[in-house]
Ligand SMILES: [Zn+2]
């Protein structure tokens, strides 16, 4: 499962690497996927700050908010711990992959050509497949590199047979996460997961866990 991709150092924190594997069949686990041992540690630190105007961490530090002022969930980072949660992505790795256009599988540079960055998307259902799809699609799955695109076809059960798309302009749109509201007896109550466009007035009550990118200037392409 090396994918023949030996660029870079593979050191922690950057550069392409051979994905960790899981189970007797040695399934490759994408770099951005969250492991069950990576725990959410948001709740105990979350409070209402700013004179009641929104959420804050009791011990808020640099990096808890993005440049739009949106608060992000806190999770431990321990890839390889427990078992992979193939349908979830770790907020830190997912966001980094989106912002730096890294392959979600190996963490190396995603594939780009004149038609744009390469994304592997779940095949749309009949109702979703409107003319022009996936132009304007809101996407939380980071791009892939060409060698890993083949891995995605072979090993990602939730993708089925994926559709490959290139986007010339994947535009940062907002975040996916959850709202929290002050409870009747104090404390905070979760009030559902949703997409939040940056600049929305409800942002102070939102905790993000995925960066959402709008795929624009899209072209459907065959598997690379
Ligand atoms: Zn890759």
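Residue numbers (the numbering used here): 68 to 291.
Heads up, the beta-carbon is just placed ideally off N, CA and C, and yes, glycines get one too.
Here the structure is a predicted model, which is why all the values come from computation and not from measurement.
Using a Cβ cut-off of 8 Å (strictly closer), state whether residue 143 contacts chain C.
-> The displayed structure is made up of one protein chain only, and chain C is not part of it.
Check your understanding: Which value, in whole angstroms, describes the spacing of the CA atoms of residue 68 and residue 266?
Key -> Counting from 1 along the chain shown, the entry for residue 68 is found at position 1. Counting from 1 along the chain shown, the entry for residue 266 is found at position 199. With a pLDDT of 37 at residue 68, under the threshold of 50, the predicted position of this residue should be treated as unreliable, though the coordinate-derived value follows. Each residue's alpha carbon lies about 42 Å from the other.
Practice prompt. Give, in chain order, every unbroken run of the alpha helix (DSSP H) that is at least 4 residues long and sits entirely within the region 177-245.
Written response: 213-222
Check: When you compare each of 123, 99, 287 to residue 189 by their alpha carbons, which one comes out closest?
Finding: Reading the chain shown from its first residue, position 122 is the one you call residue 189. Cα-wise, what sits closest to residue 189 is 287.
Candidates 259, 229, 281: which alpha carbon is nearest residue 292's? Lying outside 68 to 291, the shown extent of the chain, residue 292 is not represented and no answer is given.
### Query
Is the region 237-247 close to the region 261-277, with three or more CB pairs under 8 Å?
yes
Starting from the C-beta of residue 215, find all residues in its chain whose C-beta is less than 7 Å away, skip the five residues before and the five after it, and write them out in chain order.
-> Position 148 of the chain shown, counted from the first residue, corresponds to residue 215. Excluding residues within five positions, the ones whose Cβ falls inside 7 Å are 70, 170, 172, 173.
Next item on the list: Spatial neighbours of residue 78 within its chain, please: CB distance less than 8 Å, with the 5 preceding and 5 following residues excluded, ordered by chain position.
Entry: Position 11 of the chain shown, counted from the start, is the residue given in the question as residue 78. Residue placement at residue 78 is poorly supported in this model, since its pLDDT is 37, which falls under 50; the coordinates are not used for a value here.
Q. Hey, is the region 190-209 in contact with the region 245-261, meaning 3+ C-beta pairs nearer than 8 Å?
A. no
Is any heavy atom of ligand 1 found at a distance shorter than 7 Å from the C-beta of residue 155? Along the chain shown, read from residue 1 onward, the residue named residue 155 stands at position 88. No; taking the cut-off as 7 Å, the Cβ of residue 155 has no heavy atom of ligand 1 nearer than that.
Quick one: Cα of residue 279 to Cα of residue 167, how far?
-> For the purposes of this step, residue 279 is taken as the residue at position 212 of the chain shown. For the purposes of this step, residue 167 is taken as the residue at position 100 of the chain shown. Residue 279 and residue 167: Cα-Cα distance of roughly 14 Å.
field: Cβ pair residue 138, residue 108 closer than 8 Å
entry: Counting from 1 along the chain shown, the entry for residue 138 is found at position 71. Counting from 1 along the chain shown, the entry for residue 108 is found at position 41. Taking the C-beta atoms as reference points, residue 108 is found no nearer than 8 Å to residue 138.
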